[in-house]
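Per my numbering, residue 2 is the first one in the sequence shown, and the count goes up by one each step.
Glycine included, C-beta positions come from ideal geometry on N, C-alpha and C.
The structure presented is a predicted model; accordingly, all values stated were derived computationally and were not measured.
Only one structure is covered here, and it is reproduced in the block below.
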Amino acid sequence: MVRSPWSVVWTTHHEPFPMPDKFIVPQFIENEDKILGPITVRQFILSLGGFFAIFLEFRILTLPYFILSAVVTVAIVGLFGFVKVNGQPFHIFFLNLLQTVMRPALRVWDKNPLDAELRSFIKPQTVAPAAAGPVRKERPGSTRLRDLSLIVNTGGVYVPEQDET
C-alpha cells in the first residue's frame with residue numbers, strides 16, 4: 002500500500018494543508034509594566050527623582066526650610082506619580098487642564114479686521130489706459146452661428162474649416 006505524504010498531515014492535523022497558528026492579540030496595552038510590586042516604572046523613576054530632590058534640599062537648606070520644601074516635594078511627586086483622576090494618571094489630567102485653560106472656551110468672530118490685515122488683502126491695482134470710446138464687438142454672422150451649433154451638436158466632431166474646402 003502506497004501512502005501519500007499528505008496522509009500523515011491528515012491524520013495529525015485533520016486538514017490537508019497545515020494552517021498557521023492564530024495571531025495573538027495583546028490585551029491591556031494601556032497598563033504600565035510593574036517592576037516592584039504595584040509600582041510601575043514611571044512611578045519608580047518619579048520617586049527616585051523626588052528622593053534626589055529631597056537630598057539636595059537637605060544639603061542646601063536649613064532644617065525649617067528643608068522640612069517645608071520636603072513636604073512640598075513629596076506632595077508633588079505623590080500627586081504626579083500615584084494619583085489618578087477619572088481613570089487617567091494625574092500628568093495626563095494636568096496637561097488636559099492646561100490645554101483647556103489656555104484655549105478660550107468661547108470663540109468670537111472679530112468683525113473688525115485690523116488695517117494691516119486689510120492692506121495684506123488689497124492688491125495694488127494698475128490703471129488701464131482709457132479707451133477712446135466704447136468698443137463694439139461684431140455680431141457673428143448666421144454662418145458662424147450655424148457652425149457653432151454644429152460643433153456643439155456633434156460633440157466637437159464637426160470642423161468648420163474642413164467643410165469650406
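Tell me the residue span of the alpha helix (DSSP H) that contains Leu37.
Locating residue 37 in the sequence shown gives position 36, counting from the first residue. No alpha helix (DSSP H) holds Leu37; the beta strand (DSSP E) holding it covers Lys35 to Leu37.
Could you pull the start and end residues of the alpha helix (DSSP H) that Arg43 belongs to?
Position 42 of the sequence shown, counted from the first residue, corresponds to residue 43. Where Arg43 is concerned, the enclosing alpha helix (DSSP H) stretches over Val42 to Ile61.
Check Gln89 in the structure and name its three-state DSSP category.
Reading the sequence shown from its first residue, position 88 is the one you call residue 89. Reduced to three states, the DSSP call for Gln89 is strand.
Glu47 versus Ile36 - alpha carbon distance:
If you number the sequence shown from 1, residue 47 lands on position 46. If you number the sequence shown from 1, residue 36 lands on position 35. The question names Glu, yet the displayed sequence has Leu at residue 47. Just so you know, the alpha carbons of Leu47 and Ile36 end up roughly 13 Å apart.
Considering only residues of the same chain and omitting the five flanking positions on each side of Leu149, which have a CB-CB separation below 6 Å?
The residue labelled residue 149 in the question sits at position 148 within the sequence shown. Correct list: empty, nothing qualifies.
CA-CA distance, Lys85 and Phe95?
Taking the sequence shown and counting its residues from 1, one reaches residue 85 at position 84. Taking the sequence shown and counting its residues from 1, one reaches residue 95 at position 94. Going from the Cα of Lys85 to the Cα of Phe95 covers about 11 Å.
Integer-rounded CB distance, given that Phe67 should sit under 8 Å from Phe59
As a first step, residue 59 must be located in the sequence shown, where it is residue number 58. As a first step, residue 67 must be located in the sequence shown, where it is residue number 66. Contact flag correct, Cβ pair sits at about 5 Å.
Residues in the same chain with beta-carbon distance under 8 Å from Arg137, minus the five sequence neighbours each way, listed in chain order, please.
Taking the first residue of the sequence shown as 1, we reach residue 137 at position 136. In its chain, beyond the 5 residues on either side, no residue has a beta carbon closer than 8 Å to the beta carbon of Arg137.
Lys23 versus Asn32: straight-line alpha-carbon distance, rounded
Numbered from 1 along the sequence shown, position 22 holds the residue referred to as residue 23. Numbered from 1 along the sequence shown, position 31 holds the residue referred to as residue 32. Cα to Cα, the separation comes out at about 24 Å.
Contact belief for Gln44 with Gly88 at Cβ below 8 Å, rounded distance in angstroms:
Taking the sequence shown and counting its residues from 1, the one referred to as residue 44 is at position 43. Taking the sequence shown and counting its residues from 1, the one referred to as residue 88 is at position 87. The Cβ separation is near 16 Å, so there is no contact.
What's the C-alpha gap between Leu98 and Thr74?
Translated into the one-based positions of the sequence shown, residue 98 becomes position 97. Translated into the one-based positions of the sequence shown, residue 74 becomes position 73. Spanning the two alpha carbons is a distance of roughly 21 Å.
For Phe91, tell me which candidate among Val109, Phe52 and Ile77 has the shortest Cα-Cα distance.
Here the question's residue 91 lines up with position 90 in the sequence shown. Of the candidates Val109, Phe52 and Ile77, the one whose C-alpha sits nearest the C-alpha of Phe91 is Ile77.
Mind checking which residues open and close the alpha helix (DSSP H) that includes Gly79?
As a working note, residue 79 is residue 78 in the sequence shown. Counting along the chain, Gly79 sits inside the alpha helix (DSSP H) bounded by residues Leu64 to Phe83.
Measure the C-alpha to C-alpha separation of Arg145 and Ala133 and round it to an integer number of angstroms.
To locate residue 145, count along the sequence shown from 1; it is residue 144. To locate residue 133, count along the sequence shown from 1; it is residue 132. The alpha-carbon atoms of Arg145 and Ala133 are separated by roughly 29 Å.
Rounded separation between Gly50 and Ile93 - CA only
Counting from 1 along the sequence shown, the entry for residue 50 is found at position 49. Counting from 1 along the sequence shown, the entry for residue 93 is found at position 92. Answer to the nearest angstrom: the Cα atoms are 19 Å apart.
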